[in-house]
Amino acid sequence: MTPSDRSSDSSGGDLIYTPPGTDSPLPPPPPPFSRASVRPASPLRLTSLPQPIKEEFRAERQYGKGVHFDPDADPREHDDDDEHDEDPTDMAGPASMLRPTGPESHEPLLREDKQSSRGRPASPHEAGSARLPLSRRSTFRSRSPSYTHSEDMVRRKYIYASFFLVLSLVSFVVQTETAVYIQHELGWNKAYCMMYLTHGSWIFLWPIQLLFLRIQKRKLSWPAFWRRHVYLVRSTAQMVRSQELHQHLSKSQAMASPWPYMIKTTAFITTFLTMAGGSWYVAVDLTSPSDLTAIYNCSAFFAYVFSIMLLHDKLRFDKALSVALAIIGVFVVAYGDKDDGTPGAEKGFGTKLIGNIVIGIGSVAYGFYEVLYKKYACPPEGTSPGRGMVFANTFGSMVGLFTLTVLWIPLPILHWTGLETFEIPTGQAAWLLSISTLSNAVFSGSFLVLMSLTSPVLSSVAALLTIFLVGITDWIVTGKPLSAAAVAGCTLIIVAFLMLSWATYREMKMEEAKREGEEDKVFDEDEDDLLRDDGADGILGAHRRNS
């Protein structure tokens, strides 16, 4: 077979022989594949366009239209567009709009909306752009914590606490004056029924709070507002259950329902609250007002003792001295006057002893209730004041719901046994009782917020300020001025409250500064961060994407 015959036989497996100086009829084989030599297809360059079109896209003609680019610039100079498009100061000057020819050429022209994703970590399941994970885009305008420094957190807490302290004092004075008038002047003396109605009125705390939040966030649609509020309450309940900030919750903790725990906690805490409140209503007819006031307000001492035992507070001299001064002031007010002609003062020794024992048990129960609430129903330290305030009122409504649905059971028993005949108030007693119960709801909600933001000890001593305010109110209403003993005792209480406030403020600053150093400045988001009225989904959206 000749060489030409072999070259024409393309079906065989023999080598093809081509004489020198002649071209092969087949195209040359492609060079070996190399990934480094492959360049992605780049968009059409302006330099290859006809001259009229190039003139139309000149920078000086497009500058007035808001489009700024340089058609003669090398597109490779702007490969790192992530470093430029995030700086708002660079938007004023001309910048190239040519697509790069490197790996970034396949990025979409319309980047992800910064408004809808600011401050949220990207989900690994989402198909995103090919930007580097450590580029400036991943940190620019990320969600700023509500508090950058521990001093800001403590200051915000005290601003909220001061407001609710004033609100609680005013509402307590209204409740006390109306309750005394109903019992002693109108004769509607139903101790357990009054306690049932006052504690049951706490159920209105959450709806009233929801109304205020809705007015504040009225720009949000109702479904978005409700979804975020439910998430806020549920995530805070998870924090209460685990005593960890929600940033530190594990996946199992975040997925577990907190409501079984909250139901048991509500029942447990409400039991001691009912014991304390019921003891006051029972003892008011058994002992003198001075004994009642002095013994019941010793709950501040028991709150401090239980705080050391359960909350592991340190025994500090300044705090112990403040509590001691406050209790001394209460005893001076209660026993400093020789005049004991107030209603209910004429009691026998045996009756007064029983009444003092009952109110003593109530004092211990109330101090225990305050510490139990702080330990088992408050979010952990480091929680934002807004979140703590929202959840405190929510828990108050849970207490009211439990009271109305469970604690009605003793009412028919007391009625059948004759210990307390059930009687619906009418006329003046009815509307004064409504004022008294609503005032108690305001006082209790404010007091729960105060304990959540500060401490049970400070809240108990702050409640003693009501002795001074009630005395001033009686002076205005009855015209009977304060005695020297009342002035001296109230002065001791005020001094003790100021000392304890300063000691608590310093202690909170030290704890927040320590936490800031240990946790690398990790703070909880405030309620405003979770209920932003912009178009973003906020923290809720990030939570859904990361779960």
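Take 57 as the starting number for the sequence shown in our numbering and just add one per residue. Even for Gly, the Cβ is constructed at its ideal location relative to N, Cα and C.
Distance CB(residue i)-CB(residue j) smaller than 8 angstroms
i: residue 481; j: residue 336; result: no
i: residue 296; j: residue 314; result: yes
i: residue 456; j: residue 264; result: no
i: residue 488; j: residue 229; result: no
i: residue 349; j: residue 523; result: yes
i: residue 616; j: residue 311; result: Here the chain has residues from 57 to 603 only, and residue 616 is not among them.
i: residue 491; j: residue 232; result: no
i: residue 242; j: residue 519; result: no
i: residue 517; j: residue 553; result: yes
i: residue 319; j: residue 354; result: no
i: residue 498; j: residue 308; result: no
i: residue 421; j: residue 331; result: yes
i: residue 493; j: residue 305; result: no
i: residue 352; j: residue 415; result: yes
i: residue 433; j: residue 321; result: yes
i: residue 257; j: residue 496; result: yes
i: residue 559; j: residue 378; result: yes
i: residue 521; j: residue 261; result: no
i: residue 406; j: residue 339; result: no
i: residue 392; j: residue 546; result: no
N-terminal and C-terminal residue of the alpha helix (DSSP H) that residue i is part of
i: residue 285; result: 278–298
i: residue 382; result: 373–391
i: residue 247; result: 247–256
i: residue 515; result: 512–519
i: residue 274; result: Where residue 274 is concerned, there is no enclosing alpha helix (DSSP H), given that its DSSP letter is neither H nor E.
i: residue 501; result: 484–509
Cβ shell of residue i (< 6 angstroms), same chain only, five flanking positions each side left out
i: residue 537; result: 531
i: residue 387; result: 350
i: residue 334; result: 251
i: residue 390; result: 346, 349, 350
i: residue 369; result: 363
i: residue 381; result: 548, 552
Residues near residue i by beta carbon distance below 8 angstroms, same chain, minus five either side
i: residue 323; result: 458, 462
i: residue 528; result: 538
i: residue 561; result: 210, 214
i: residue 277; result: none
Reduced DSSP category for residue i - H, G, I as helix; E, B as strand; rest coil
i: residue 341; result: coil
i: residue 478; result: coil
i: residue 567; result: helix
i: residue 244; result: coil
i: residue 415; result: helix
i: residue 312; result: coil
i: residue 460; result: helix
i: residue 433; result: coil
i: residue 225; result: helix
i: residue 355; result: helix
i: residue 439; result: coil
i: residue 557; result: helix
i: residue 304; result: helix
i: residue 537; result: coil
i: residue 368; result: coil
i: residue 465; result: coil
Rounded C-alpha distance that separates residue i from residue j
i: residue 215; j: residue 366; result: 27 angstroms
i: residue 564; j: residue 291; result: 24 angstroms
i: residue 512; j: residue 300; result: 20 angstroms
i: residue 479; j: residue 510; result: 40 angstroms
i: residue 555; j: residue 289; result: 34 angstroms
i: residue 549; j: residue 221; result: 15 angstroms
i: residue 476; j: residue 453; result: 27 angstroms
i: residue 293; j: residue 409; result: 43 angstroms
i: residue 450; j: residue 211; result: 24 angstroms
i: residue 466; j: residue 223; result: 32 angstroms
i: residue 501; j: residue 267; result: 15 angstroms
i: residue 551; j: residue 375; result: 12 angstroms
i: residue 270; j: residue 219; result: 20 angstroms
i: residue 535; j: residue 544; result: 19 angstroms
i: residue 361; j: residue 540; result: 31 angstroms
i: residue 444; j: residue 236; result: 33 angstroms
i: residue 284; j: residue 372; result: 41 angstroms
i: residue 437; j: residue 246; result: 40 angstroms
i: residue 431; j: residue 419; result: 19 angstroms
Other residues of its chain near residue i: CB distance less than 7 angstroms, five sequence neighbours each side excluded
i: residue 326; result: 455, 458, 459
i: residue 470; result: 248, 476
i: residue 359; result: 423, 426, 427, 512, 513, 516
i: residue 238; result: 244, 485, 488, 489, 492
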